[in-house]
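Under UniProt numbering, the first residue of the sequence shown carries the number 1, and numbering increases by one thereafter. The beta-carbon is built from N, C-alpha and C at its ideal position, and this holds for glycine as well.
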Amino acid sequence: MAILDAKIPEGPLAQKWTNHKAKIKVVSPANKKKLDIIVVGTGLAGGAAAASLANLGYNVKAFCYQDSARRAHSIAAQGGINAAKNYQNDNDSIFRLFYDTIKGGDYRGREANTYRLAEVSPAIIDQCVAQGVPFAREYGGTLANRSFGGVLVSRTFYARGQTGQQLLLGAYAAMNREIGRGHIKMYDRQEMMEVVIENGKAVGIITRNLVTGELERHGGHAVLVATGGYGNVFFLSTNAMGCNGGAAMRIYKKGAHFANPCFVQIHPTCIPVHGDQQSKLTLMSESLRNDGRVWVPKKKEDAEKLRRGEMKATDIPEEDRDFYLERRYPSYGNLVPRDVASRAAKERCDAGYGVNDTGQAVFLDFKYAIDEYGLDVIKARYGNLFQMYEKITDVDPYEYPMMIYPAIHYTMGGVWVDYNLMTTVPGLYCLGEANFSDHGANRLGASALMQGLADGYFVIPYTVGDYLADEIQTPTPDVNSAAFLQAEEETKARIEKLFSINGTQTVDHFHKELGHIMWEYVGMARNEAGLKTAIEKIQKLRKEFWSDLRIPGDKTGMNTELEKAVRVAEFIDLGELMAYDALNRNESCGGHYREESVTEDGEAKRDDENFAYGAVWEYTGEGKEPILHKEEFKFENVKLTQRSYK
Ligand SMILES: Cc1cc2nc3c(=O)[nH]c(=O)nc-3n(C[C@H](O)[C@H](O)[C@H](O)COP(=O)(O)OP(=O)(O)OC[C@H]3O[C@@H](n4cnc5c(N)ncnc54)[C@H](O)[C@@H]3O)c2cc1C
1 MAILDAKIPE
11 GPLAQKWTNH
21 KAKIKVVSPA
31 NKKKLDIIVV
41 GTGLAGGAAA
51 ASLANLGYNV
61 KAFCYQDSAR
71 RAHSIAAQGG
81 INAAKNYQND
91 NDSIFRLFYD
101 TIKGGDYRGR
111 EANTYRLAEV
121 SPAIIDQCVA
131 QGVPFAREYG
141 GTLANRSFGG
151 VLVSRTFYAR
161 GQTGQQLLLG
171 AYAAMNREIG
181 RGHIKMYDRQ
191 EMMEVVIENG
201 KAVGIITRNL
211 VTGELERHGG
221 HAVLVATGGY
231 GNVFFLSTNA
241 MGCNGGAAMR
251 IYKKGAHFAN
261 PCFVQIHPTC
271 IPVHGDQQSK
281 LTLMSESLRN
291 DGRVWVPKKK
301 EDAEKLRRGE
311 MKATDIPEED
321 RDFYLERRYP
331 SYGNLVPRDV
341 ASRAAKERCD
351 AGYGVNDTGQ
361 AVFLDFKYAI
371 DEYGLDVIKA
381 RYGNLFQMYE
391 KITDVDPYEY
401 PMMIYPAIHY
411 TMGGVWVDYN
421 LMTTVPGLYC
431 LGEANFSDHG
441 ANRLGASALM
451 QGLADGYFVI
461 PYTVGDYLAD
471 EIQTPTPDVN
481 SAAFLQAEEE
491 TKARIEKLFS
501 INGTQTVDHF
511 HKELGHIMWE
521 YVGMARNEAG
531 LKTAIEKIQK
541 LRKEFWSDLR
551 IPGDKTGMNT
561 ELEKAVRVAE
571 FIDLGELMAY
581 DALNRNESCG
591 GHYREESVTE
601 DGEAKRDDEN
611 FAYGAVWEYT
621 GEGKEPILHK
631 EEFKFENVKL
641 TQRSYK
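Here it is in structure tokens:
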């Protein structure tokens, strides 16, 4: 069992990172050339890391499963990226960003990491501007900002509704420069299937070439996993269809512990589910809550008429509209954090006020903003998002309010890492959404891009040196060693096993089943009986998967069904782990809402005495209950209070 040592530096909060950087080891330029680093994932976290490390002189091998690094899911990010620049002169500061983030996460994150995130945030914007990222600007040329949920200042930088795309193009350009200089070797269409561990250290990975089907062995002095989040465990989510938790689960099974897996973010503004055959949900960016007002009818009979198609939103007079977020949370109004807004929507819909035919939708209305600012201003701010909404729903949101409902969006849980972003396996790091990160039990909007780029551009380039300084005499790992051959054999056997089942059901069948179980019992509201049921159902589903799955085609060459099967096998194990974690955490916090732990007015009720820790799970073998370790979170700079947005 690895001992959890978060390696939080000594000293006052604001000095920790500076002190740490001053003390950790540095690798000389001549020695950097001798060291190989594997980076799995080329989204914002992995792409930024690969470019920065290569620029420092390390030999980087970067991997992604898409046909190009620039197709990582990060490209889908719409709304923006936070940074404590205080450009609006609205009293923002590093401390305020730190405070908002730790409070927004319901005090279930590590203070030192969260502070560092806020501290490096201004540098991210400078770096991206220097790369040419076209952030929105004010008339005079200064960078523009908007607000996101859970904060009272405007600190979100954006490039229309395409912030992730523009940031990724910046990172991708930086990577390409290093590819051109021979410092990065890019392997696309390669899926990491296994991590190789030798003498207790990560020394490489086994990949599957998704075009030829061949397995490959790759060695490195350090392995960085930046493979994104696992929201697709729910089948339907706002994530790209390929997003998966496979690599995170493989390293978990090889000794990297997994923290807070049940902390999942449900985003309040998604286009509602519209049928059984749907495979993906679409996010409407949170930035829309800057100007859109959320409401449902005050009268149940109006809601019923809306559901039957006998009435339209525009027929409901002003006085019969319930702007329930403004009513319940007057100080934050429509900009309450995501977990609060999601639960409030569910509460209204469960009470019978839902506005679409399934009763699972609320309105997001721009009429008021159009009246105030004019159509042109709203078009300039959100034009592409409105166009996307209209294309999907065939409803013009300039004329008629959008319908929205919460959906799975982001995973705060992930691989446990220390302050250096190292997992419990020496030499194995985890970055970006894949790690358990800095967001506690609930991530604030526009903070994921900030964290991915902080990890990639400004944290790992420093901290990896502390480990690699002791590896300069170590030759590049031999990919013909017993450890590599064994890892490859195990991977081959796993693929053979999947093929040999030769059952009757498709991968999607099992994935959908898993999604139903997760949404029903490990979704927006959770309770003890439901979580126990979920564990039983998932275990049963695992048996069915391994006895009745059918993968058509061949294992050599391209086979997308095989790719999905490999990922769904891990999702099943991950779903079970999430249920164990949710069952253990008998308190409500952030996105984790236990029905047994609720305040009188229906808000999430934390139990700081018993649960102010990160739940860190150790794998114990197939089908066996994992072991729980605890990282107690110490709060020396913030006072734990009941989160209130009233
Ligand atoms: C629709 C949407 C909108 C969003 N908008 C915002 C926003 O406005 N602001 C914000 O801050 N956040 C936003 N987010 C969240 C944010 O986009 C993500 O958290 C972030 O981009 C994740 O970056 P990443 O680098 O960690 O992972 P990703 O971008 O998901 O990249 C993962 C990489 O890992 C690779 N990979 C995965 N598994 C393997 C494997 N086994 N082998 C090889 N490669 C692998 C992939 O190929 C990819 O390159 C949004 C999320 C969604 C779903």
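ask   = On the three-state DSSP scale, how would you describe Trp416?
value = In the sequence shown, the residue the question calls residue 416 occupies position 416. Three-state result, Trp416: coil.
inquiry  = Suppose contacts are defined by Cβ-Cβ distances below 8 Å. Is Leu531 in contact with Ala579 by that definition?
reply    = Residue 531 sits at position 531 when you count from the first residue of the sequence shown. Residue 579 sits at position 579 when you count from the first residue of the sequence shown. Yes, these two residues count as a Cβ contact at 8 Å.
inquiry  = Using 8 Å as the threshold, is the C-beta distance between Arg42 and Ala77 below it?
reply    = Counting from 1 along the sequence shown, the entry for residue 42 is found at position 42. Counting from 1 along the sequence shown, the entry for residue 77 is found at position 77. In the sequence on display, residue 42 carries Thr and not Arg. Their beta carbons are not under 8 Å apart, which means Thr42 does not touch Ala77 by this criterion.
query = For the region 222-237 against the region 472-490, are there 3 or more C-beta pairs whose distance is under 8 Å?
reply = Here the region 222-237 makes no contact with the region 472-490; the two share fewer than three CB pairs at distances below 8 Å.
task = For Phe98, name the three-state secondary structure that DSSP assigns.
result = As a working note, residue 98 is residue 98 in the sequence shown. In the structure shown, Phe98 sits in a helix (DSSP, three-state: H, G or I).
ask   = Looking at C-alpha atoms only, which residue of Arg116, Gly200, Leu35 is the closest neighbour of Tyr419?
value = Within the sequence shown, the letter at position 419 stands for residue 419. Ranked by Cα distance from Tyr419, the first of Arg116, Gly200, Leu35 is Arg116.
ask   = Looking at Val223 and Leu428, is the spacing between their C-beta atoms short of 8 Å?
value = Stepping through the sequence shown from its first residue, residue 428 is reached at position 428. Stepping through the sequence shown from its first residue, residue 223 is reached at position 223. Yes, Cβ-Cβ distance for Leu428 and Val223 is below 8 Å.
message = Any heavy atom of ligand 1 inside 7 Å of the beta-carbon of Glu191?
response = Within the sequence shown, numbered from 1, the residue matching residue 191 stands at position 191. Yes, ligand 1 has a heavy atom inside 7 Å of this Cβ.
query = What do you reckon, is the C-beta of Ala174 under 7 Å from a heavy atom of ligand 1?
reply = For this step, residue 174 is matched to residue 174 along the sequence shown. Checking every heavy atom of ligand 1 against the Cβ of Ala174, none is found closer than 7 Å.
query = Under three-state DSSP, which class holds Asn384?
reply = As a position in the sequence shown, residue 384 is number 384, starting the count at 1. DSSP, read as helix, strand or coil, puts Asn384 in helix.
message = I'd like the span of the alpha helix (DSSP H) that includes Thr463, first residue to last.
response = Indexing the sequence shown from 1 puts residue 463 at position 463. For Thr463, the enclosing alpha helix (DSSP H) has its first and last residue at 460-468.
query = Secondary structure at Met1, three-state DSSP: helix, strand or coil?
reply = For the purposes of this step, residue 1 is taken as the residue at position 1 of the sequence shown. With a pLDDT of 44 at Met1, under the threshold of 50, the predicted position of this residue should be treated as unreliable, and no value is reported.
ask   = For Ala615, which three-state DSSP category applies?
value = Along the sequence shown, one-based indexing puts residue 615 at 615. Three-state DSSP puts Ala615 in a strand.
key: First and last residue of the uninterrupted alpha helix (DSSP H) at Met524   = The residue you call residue 524 lines up with position 524 of the sequence shown. From DSSP, Met524 is part of no alpha helix (DSSP H); its letter is neither H nor E.
query = What do you reckon, are the CB atoms on Lys33 and Gly57 nearer than 8 Å?
reply = As a working note, residue 33 is residue 33 in the sequence shown. As a working note, residue 57 is residue 57 in the sequence shown. Contact: yes.
message = Starting from Thr411, trace the beta strand (DSSP E) in both directions and tell me its first and last residue.
response = For the purposes of this step, residue 411 is taken as residue 411 along the sequence shown, with counting starting at 1. Annotation for Thr411: the continuous beta strand (DSSP E) segment containing it runs 402-411.
task = Please report the residue range of the beta strand (DSSP E) in which Glu191 lies.
result = Sequence index remark: in the sequence shown, residue 191 carries index 191 (1-based). 190-198 is the span of the beta strand (DSSP E), which, as asked, contains Glu191.
request  = Answer yes if the region 442-459 comes into contact with the region 181-188, meaning at least three C-beta pairs across the two stretches below 8 Å, and no otherwise.
outcome  = Judged by Cβ distances under 8 Å, the region 181-188 makes no contact with the region 442-459, as fewer than three pairs qualify.
From Gly200, Thr411, Gly213, residue whose alpha carbon lies closest to that of Gly229 = As a working note, residue 229 is residue 229 in the sequence shown. That would be Thr411, whose Cα lies nearest to the Cα of Gly229.
task = Have a look at Arg146 and Asp376 and give me their C-alpha separation to the nearest angstrom.
result = As a first step, residue 146 is located in the sequence shown; it is residue number 146 there, counting from the start. As a first step, residue 376 is located in the sequence shown; it is residue number 376 there, counting from the start. Going from the Cα of Arg146 to the Cα of Asp376 covers about 17 Å.
request  = Taking only the alpha-carbon atoms, compute the straight-line gap between Met1 and Ile627 and give it to the nearest angstrom.
outcome  = Counted from its first residue, the sequence shown places residue 1 at position 1. Counted from its first residue, the sequence shown places residue 627 at position 627. Bear in mind that a pLDDT of 44 at Met1, under 50, signals an unreliable position, so the number given afterwards is only what the model happens to contain. Going by the C-alpha atoms only, they are around 10 Å apart.
message = Checking 8 Å against the spacing of the C-beta atoms, do Gly149 and Gly445 come in under that value?
response = Sequence index remark: in the sequence shown, residue 149 carries index 149 (1-based). Sequence index remark: in the sequence shown, residue 445 carries index 445 (1-based). Yes.
message = Quick check on Ile38: does DSSP put it in helix, strand or coil?
response = Taking the first residue of the sequence shown as 1, we reach residue 38 at position 38. DSSP places Ile38 in strand when its eight states are reduced to three.
task = Answer yes or no: the CB of Met558 versus the heavy atoms of ligand 1, is any distance below 7 Å?
result = On the sequence shown, residue 558 is found 558 positions in, with the first residue counted as 1. Not so, every heavy atom of ligand 1 lies at least 7 Å from the Cβ.
inquiry  = Need the endpoints of the alpha helix (DSSP H) that Ala83 sits in, please.
reply    = Against the sequence shown, residue 83 aligns to sequence position 83. Per DSSP, Ala83 belongs to no alpha helix (DSSP H) and is neither H nor E.
Own chain residues within Cβ distance below 8 Å of Thr533, not counting five before or after = Counted from its first residue, the sequence shown places residue 533 at position 533. So the list reads Tyr521, once near-sequence residues are dropped.
Ordered list of alpha helix (DSSP H) runs contained in the region 183-267, each at least 4 residues = Runs of the alpha helix (DSSP H) spanning 4 or more residues and lying entirely within the region 183-267 occur at 246-253, in chain order.
message = When you measure from the CB of residue 703 to every non-hydrogen atom of ligand 1, does any distance come out below 7 Å?
response = Limits of the chain in this structure are 1 at one end and 646 at the other, which puts residue 703 out of reach.
ask   = Between Gly109 and chain C, is there a C-beta pair that is closer than 8 Å?
value = As a matter of chain content, chain C is missing from the structure shown, which is built from one protein chain.
inquiry  = DSSP has Met422 in a bridge; who is on the other side?
reply    = The residue labelled residue 422 in the question sits at position 422 within the sequence shown. BP columns for Met422 point to Tyr429.
key: Neighbourhood of Asp548 by C-beta distance below 8 Å, restricted to the same chain and skipping five residues each side   = Along the sequence shown, one-based indexing puts residue 548 at 548. The residues are Ile501, Gly503, Thr504, Gln505.
Residues sharing a beta bridge with Ala62, DSSP = As a working note, residue 62 is residue 62 in the sequence shown. The beta-bridge partner set that DSSP reports for Ala62 consists of Val39, Met186.
key: Euclidean distance between Cα positions of Cys589 and Arg137   = Translated into the one-based positions of the sequence shown, residue 589 becomes position 589. Translated into the one-based positions of the sequence shown, residue 137 becomes position 137. When rounded, the separation of the alpha-carbon atoms in Cys589 and Arg137 is 37 Å.
ask   = So Lys630 is in the beta strand (DSSP E); what residue range does that whole segment cover?
value = Along the sequence shown, one-based indexing puts residue 630 at 630. Annotation for Lys630: the continuous beta strand (DSSP E) segment containing it runs 627-632.
task = Tell me, please, whether the region 6-25 touches the region 391-405 by the rule of three or more beta-carbon pairs shorter than 8 Å.
result = No, the region 6-25 is not in contact with the region 391-405.
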